[in-house]
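J.: Take this structure first; my questions come after.
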Amino acid sequence: MAGTTLLDIKGVQTYYGNIRALNGVDVTVKQGEIVALIGANGAGKSTLMMTIFGAPRARAGTITFAGTDITQLPTHEIARMRIAQSPEGRRIFPRMTVMENLQMGASLDNLQHYDEDAEKVFTLFPRLKERIAQRGGTLSGGEQQMLSIARALMARPKLLLLDEPSLGLAPLIVKQIFDAIRELNRTQGLTVFLVEQNAFGALKLATRGYVMVNGNVTMSGTGKELLADPDVRAAYLEGGHH
Amino acid sequence: MVGTVSPERDIVATPVQRATREALYAGAIALGLFVLFIGLRTDQNISNELILVQRWWLLFTVVVLTMVGRFVYVAYGQPFLASQKVVDIATGLLPESAATRFFRLPYFIAAIVIVAVLALLAGSLDDLLGPGLAGYARFARALAIIYALASVLFYFRSFIHAHFSALGIAALAIYPVVVVLVLAVYSGSMVGGFQGSLKWVDNFGIQILIYVMLAWGLNIVVGLAGLLDLGYVAFYAVGAYAYALLGTHFGLSFWILLPAAGAMAAFWGVLLGFPVLRLRGDYLAIVTLAFGEIIRLVLINWREVTNGSAGISGIPKVSFFGLMSFNVADENYIAKVLDIAQSGAYYKIFLYYLILGLCLLTAFVTIRLRRMPVGRAWEALREDEIACRSLGINTTTTKLTAFATGAMFGGFAGSFFAARQGFVSPESFIFLESAIILAIVVLGGMGSLVGIAVAAMVMIGGTEALRELDFLKQVFGPDFTPELYRMLLFGIAMVIVMVWKPRGFVGSREPTAFLKESRAVSGSFTKEGHG
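Each protein sequence line maps, in turn, to chains R and G.
Residue numbering for the first sequence follows full-length UniProt numbering, starting at 1 and increasing by one per position.
Residue numbering for the second sequence follows full-length UniProt numbering, starting at 1 and increasing by one per position.
Next comes the structure, spelled out in structure tokens:
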């Protein structure tokens with residue numbers, strides 16, 4: 001299985017009104033990989049993430065998932081292709097309990113696999129099990145991030161998109177979350193595409209990485225190569241990582 | 001006495017001193033505020049000239065009342081409230097609460113005795129005391145009844161809290177029976193009981209239940225799906241006119257037209273839903289408001305069909321499932337069939353149970369839907385639309401089903417309304433109605449069926465009850481008409497509730513999925529008014 005292309009983004013251009021946010025981006029994610037996209041604020045990382053999900057829609061270029069062109073599909077149809085997302089800002093349902101949030105994640109299969117999958121995410125994030133009857137809005141930031149990832153996993157995704165999973169979290173929690181992603185990839189072969197500002201952590205975790213500047217992908221390579229690259233070090237790592 | 005240090009002067013002021021000072025301030029403010037509002041009044045004299053009526057005594061009374069109120073609150077109310085929160089150092093217990101001190105068995109017995117004595121003397125009160133004092137006596141009787149009922153509620157509060165829904169439904173189910181029996185005993189005959197029950201069953205019972213049903217229907221759109229709809233009354237109008245037109249022109253029965261009216265309203269719900277799919281919050285509110293007005297204006301101006309502002313009259317009554325009729329002239333008139341005395345009350349009581357049934361249907365459907373995928377999708381949509389889509393939920397169909405379901409219940413309520421009134425006109429479907437229904441939903445706590453039912457009872461029952469305040473004429477003179485102050489009191493009550501409970505009577509959302517033990521955290525910790 002490993003080696004086949006799962007997500008193929010070719011020449012994608014995205015606009016907000018008349019302002020171009022992505023200038024023809026090419027990104028490939030292969031089955032079983034963890035791919036990291038790093039870049040500064042406003043580089044267009046989150047825009048690419050949202051474009052994959054069809055909102056905003058790409059004005060040029062194609063996005064292919066597992067051989068199907070998903071460029072023009074509405075967001076919910078894309079989700080039904082088994083692409084799951086932990087969006088920027090987590091976007092959990094604040095007034096619903098942890099359990100209901102997870103159920104919403106499992107609603108694609110109408111809760112058929114709910115019990116089985118819930119056990120799996122609880123072994124990954126035991127904290128969520130303790131908080132099961134608590135409302136999402138009352139969780140701490142780290143717990144909310146865990147819930148957001150767990151909710152995405154409940155859909156049994158073929159591809160997991162993570163938008164800034166380390167944003168605003170304490171280093172210890174970031175480590176827990178990155179460990180969980182690595183664990184998922186290793187044991188279940190889950191393909192992960194993540195966007196990060198925390199370049200050091202993301203590149204250490206990733207099989208391959210892309211660097212984005214002003215709406216263009218300027219560099220790509222394996223995680224190790226990028227970590228060793230002097231330009232990347234100067235721009236994103238030196239004095240940047242903690 | 002508790003002493004506090006006043007910030008301006010560094011000396012200890014007793015509450016009484018402070019209260020005196022604050023009372024003087026309050027009096028000055030009240031005087032400034034009310035001198036033009038209350039002290040002077042414009043009126044017309046006999047030759048139609050504008051004259052100023054001076055009402056200095058009334059102004060004086062209001063100012064003095066304000067000062068006394070402020071004084072009592074600062075001197076006794078505040079220290080009392082403060083002492084309620086202080087734990088007794090020796091025992092570690094909270095002091096007796098105000099409630100346990102207020103509701104005592106001797107007081108309860110005294111209240112019952114007062115009620116019994118005054119009820120026995122009811123007929124001869126006017127002769128014994130004169131009309132003025134008799135009014136006060138009736139007022140005292142009403143207070144004693146309220147106190148006795150409140151005591152009972154207080155002592156059984158944990159039981160009531162645990163079985164609120166069941167008790168509520170049971171109380172609603174026996175309400176007309178109790179009213180008829182009590183009034184029959186009071187007037188000495190069954191006929192008198194039925195005649196007297198008209199007001200209680202129709203003005204209070206049916207009126208409140210119509211609003212409960214409308215608010216529960218709107219709750220699906222606003223409370224569950226989070227789509228702010230200011231034009232809900234449009235669906236109510238569609239339902240009412242559907243029954244009025246089809247019933248009068250084609251003579252179709254209510255039982256056929258009820259589902260038809262619901263379907264028609266649902267269709268209009270979808271029609272409204274399409275253009276507003278992309279809107280949220282304020283923008284959605286504006287468009288739905290406009291939709292409500294469009295429907296009303298169409299009803300006024302499409303005279304050939306709707307008969308314009310004159311409305312449609314002679315709308316047929318509901319039959320007793322086709323078996324018996326409530327028209328005196330008919331062969332199968334209920335009193336002829338059952339061989340009982342003629343009375344208009346049978347129809348009202350039947351309508352009461354009909355609307356109660358419709359309400360319970362609404363509640364049942366809402367409860368069931370909340371546990372089904374579509375209901376969960378509604379709630380998720382309210383919480384976060386973007387997250388919803390990225391979980392594979394089709395927000396278009398989710399919104400349309402919410403609009404359609406809410407509108408359908410509005411349509412049911414509308415056709416019931418037409419059948420009850422026997423007459424519909426565009427007058428009944430003004431924006432104020434939408435606003436009241438929305439206010440009930442917000443006041444009750446968005447999404448909570450129990451809270452909304454209580455809010456409807458308080459708001460609609462409260463405004464109806466204000467019509468009964470004739471005894472206030474004893475206090476404010478015979479010119480005083482309490483009805484005129486209904487909306488003022490209504491507004492004040494809403495402000496108080498929203499200050500006291502900003503998320504409505506039942507503010508926390510009830511989860512739909514449980515483990516064996518539930519440990520929900522209060523909703524007040526979660527984000528408010530999200531989305």
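Backbone N, C-alpha and C define an ideal beta-carbon position, used for all residues, glycine too.
A quick note: this is a predicted structure, and the numbers were derived from the prediction, not measured.
(1) Note down, in chain order, each residue of its chain lying with its Cβ closer than 7 Å to the Cβ of Leu139 of chain R, except the 5 sequence neighbours on either side.
(2) Cβ of Ser165 of chain G within 7 Å of Cβ of Phe103 of chain G?
(3) Looking at the strands, I want to know which residues DSSP matches up with residue 246 of chain R.
(4) Residues of the segment 103 to 120 of chain R with a CB closer than 7 Å to any CB of chain G: list them in chain order, please.
(5) May I ask which residues mark the beginning and end of the beta strand (DSSP E) holding Val53 of chain G?
(6) Determine, for Asp126 of chain G, whether the minimum Cβ-Cβ distance to residues of chain R falls below 7 Å.
(7) Take Leu361 of chain G as the anchor and find which of G:Trp200, G:Leu198, G:Glu427 and G:Pro259 has the nearest alpha-carbon.
(8) Which class does Ala137 of chain G belong to by DSSP, given the choice of helix, strand or coil?
(9) Can you give me the start and stop residues for the alpha helix (DSSP H) that Gly193 of chain G sits inside?
(10) Taking 7 Å as the CB-CB limit, is Asp10 of chain G close to chain R?
(11) Can you tell which of G:Ala402, G:Ile349, G:Gly375 and G:Thr306 has its C-alpha closest to the C-alpha of His249 of chain G?
(12) Can you tell me which of the three DSSP states residue 542 of chain G falls into?
(13) Buried or exposed for Thr68 of chain R, please, with buried defined as at least 16 other CB atoms from any protein chain shown within 10 angstroms of its CB.
(14) Please state whether the Cβ-Cβ distance between Ala234 of chain G and Phe326 of chain G is less than 7 Å.
(15) Grab me the residues of Val454 of chain G's own chain with a C-beta within less than 7 Å of its C-beta, minus the 5 sequence neighbours each way, in chain order.
(16) Does Glu100 of chain R pass the burial test, meaning 16 or more other C-beta atoms within 10 Å, or should it be called exposed?
(17) Under 7 Å between beta-carbons, which chain R residues line up against Asp384 of chain G? List them in chain order, please.
(18) Give every residue of the same chain whose Cβ lies closer than 8 Å to the Cβ of Ile206 of chain G, excluding the five residues on either side of it in the sequence, and list them in chain order.
(19) If you follow the beta strand (DSSP E) that Ile83 of chain R is in, where does it begin and where does it stop?
(20) Just checking my contact of Ile460 of chain G with Tyr232 of chain G at CB under 8 Å: how many whole Å lie between their CB atoms?
(21) Let me know the secondary structure DSSP gives Thr66 of chain G once reduced to three states.
(22) Tell me which residues share the same chain as Leu227 of chain R and place their Cβ nearer than 6 Å to its Cβ, disregarding the 5 neighbours each side in the sequence.
(23) Decide if the segment 29 to 48 of chain R is in contact with the segment 193 to 203 of chain R; the criterion is three or more beta carbon pairs, one per stretch, under 8 Å apart.
(24) Counting C-beta neighbours from all protein chains within 10 Å, is the total for Ser197 of chain G 16 or more, i.e. buried, or is it exposed?
(25) Measuring straight from C-alpha to C-alpha, what distance separates Ser309 of chain G and Ser428 of chain G?
(26) Cα separation between Lys527 of chain G and Asp117 of chain R?
(27) Could you tell me the alpha carbon to alpha carbon distance between residue 248 of chain R and Phe122 of chain R, rounded to whole angstroms?
(28) Does chain G have any CB closer than 7 Å to the CB of Gln85 of chain R?
(29) Which bits of chain G does Phe53 of chain R rub up against, with CB to CB less than 7 Å?
(30) Is the CB-CB distance between Phe403 of chain G and Gly269 of chain G below 7 Å?
(31) Within the 7 Å Cβ cut-off, does Ala402 of chain G reach chain R?
(32) Are the beta-carbon atoms belonging to Gly193 of chain G and Leu183 of chain G less than 7 Å from one another?
(33) Please identify, using Cβ separations under 7 Å, the residues of the segment 56 to 87 of chain R that lie next to chain G, in order along the chain.
(34) Check the Cβ-Cβ distances between Thr14 of chain R and every residue of chain G, and say whether any is below 7 Å.
(35) Near Val185 of chain G, what residues of its chain come up, given a Cβ to Cβ distance below 8 Å and the 5 sequence neighbours on each side ignored?
(36) Give a yes or no on whether the minimum CB-CB distance between Asn394 of chain G and chain R is below 7 Å.
T.: Considering the structure as presented:
(1) Working through the first sequence from its first residue, we reach residue 139 of chain R at position 139. Correct list, in chain order: Arg131 and Leu147.
(2) Within the second sequence, numbered from 1, the residue matching residue 165 of chain G stands at position 165. Within the second sequence, numbered from 1, the residue matching residue 103 of chain G stands at position 103. Not in contact: Ser165 of chain G and Phe103 of chain G (Cβ atoms no closer than 7 Å).
(3) This structure cannot speak to residue 246 of chain R, because chain R is shown only from 1 to 242.
(4) Gln103, Met104, Gly105, Ser107, Leu108 and Asn110
(5) Position 53 of the second sequence, counted from the first residue, corresponds to residue 53 of chain G. Start and end: Leu50 to Gln54.
(6) Start at 1 with the first residue of the second sequence, and residue 126 of chain G comes out as number 126. So, not an interface residue.
(7) Taking the first residue of the second sequence as 1, we reach residue 361 of chain G at position 361. Residue G:Pro259 is the option with its Cα nearest to Leu361 of chain G.
(8) The residue given as residue 137 of chain G occupies position 137 in the second sequence. Helix, per DSSP.
(9) Mapped onto the second sequence, residue 193 of chain G falls at position 193. Where Gly193 of chain G is concerned, the enclosing alpha helix (DSSP H) stretches over Met190 to Leu198.
(10) Within the second sequence, numbered from 1, the residue matching residue 10 of chain G stands at position 10. Reliability of the predicted coordinates at Asp10 of chain G is poor, the pLDDT of 49 falling under 50, and the value obtained from them is presented with this limitation in mind. Output row for Asp10 of chain G: interface = no.
(11) On the second sequence, position 249 is the one that residue 249 of chain G refers to. His249 of chain G has its Cα closest to that of G:Thr306, out of G:Ala402, G:Ile349, G:Gly375 and G:Thr306.
(12) Examination of residue 542 of chain G is not possible in this model, given that chain G is present from 1 through 531 alone.
(13) Locating residue 68 of chain R in the first sequence gives position 68, where the first residue counts as 1. Thr68 of chain R should be labelled exposed.
(14) The count along the second sequence starts at 1 and reaches residue 234 of chain G at position 234. The count along the second sequence starts at 1 and reaches residue 326 of chain G at position 326. Contact flag unset, no.
(15) As a working mapping, residue 454 of chain G is identified with position 454 in the second sequence. Excluding sequence neighbours, Val454 of chain G sits near Gly444 and Phe505.
(16) Here residue 100 of chain R refers to the residue found at position 100 when the first sequence is read from its first residue. Per the 10 Å Cβ criterion, buried.
(17) What you label residue 384 of chain G is simply residue 384 of the second sequence in a count that begins at 1. What Asp384 of chain G touches in chain R: Arg91 and Phe93.
(18) As a working note, residue 206 of chain G is residue 206 in the second sequence. Once the five neighbours on either side are set aside, the close Cβ partners of Ile206 of chain G are Lys348, Leu351, Tyr352, Ile355 and Arg420.
(19) Locating residue 83 of chain R in the first sequence gives position 83, where the first residue counts as 1. Segment Ile83 to Ser86, the beta strand (DSSP E) holding Ile83 of chain R.
(20) Numbered from 1 along the second sequence, position 460 holds the residue referred to as residue 460 of chain G. Numbered from 1 along the second sequence, position 232 holds the residue referred to as residue 232 of chain G. About 16 Å; that fails the 8 Å criterion.
(21) The residue labelled residue 66 of chain G in the question sits at position 66 within the second sequence. Helix at Thr66 of chain G.
(22) The count along the first sequence starts at 1 and reaches residue 227 of chain R at position 227. The residues are Leu203.
(23) yes
(24) Residue 197 of chain G sits at position 197 when you count from the first residue of the second sequence. It is buried - the Cβ of Ser197 of chain G has at least 16 other Cβ atoms within 10 Å.
(25) Counting from one through the second sequence, the residue named residue 309 of chain G turns up at place 309. Counting from one through the second sequence, the residue named residue 428 of chain G turns up at place 428. Approximately 10 Å between the Cα atoms of the pair.
(26) On the second sequence, residue 527 of chain G is found 527 positions in, with the first residue counted as 1. On the first sequence, residue 117 of chain R is found 117 positions in, with the first residue counted as 1. Reliability fails at Lys527 of chain G, whose pLDDT of 45 lies under 50, so the model's placement of it is uncertain and the value that follows must be treated cautiously. In a straight line, the C-alpha of Lys527 of chain G is about 28 Å away from that of Asp117 of chain R.
(27) Nothing in the structure corresponds to residue 248 of chain R, since chain R is present only between 1 and 242.
(28) Indexing the first sequence from 1 puts residue 85 of chain R at position 85. Output row for Gln85 of chain R: interface = yes.
(29) Here the question's residue 53 of chain R lines up with position 53 in the first sequence. The contacting residues are Ser390.
(30) Residue mapping note: residue 403 of chain G aligns to position 403 of the second sequence, counting from 1. Residue mapping note: residue 269 of chain G aligns to position 269 of the second sequence, counting from 1. Contact: yes.
(31) One-based indexing of the second sequence puts residue 402 of chain G at position 402. So no, Ala402 of chain G is outside the interface.
(32) Within the second sequence, numbered from 1, the residue matching residue 193 of chain G stands at position 193. Within the second sequence, numbered from 1, the residue matching residue 183 of chain G stands at position 183. Yes. Within cutoff.
(33) Thr75, His76, Ala79, Arg80, Gln85 and Pro87
(34) Within the first sequence, numbered from 1, the residue matching residue 14 of chain R stands at position 14. Output row for Thr14 of chain R: interface = no.
(35) Here residue 185 of chain G refers to the residue found at position 185 when the second sequence is read from its first residue. Once the five neighbours on either side are set aside, the close Cβ partners of Val185 of chain G are Gly193.
(36) To locate residue 394 of chain G, count along the second sequence from 1; it is residue 394. With 7 Å as the cut-off, Asn394 of chain G counts as an interface residue toward chain R.
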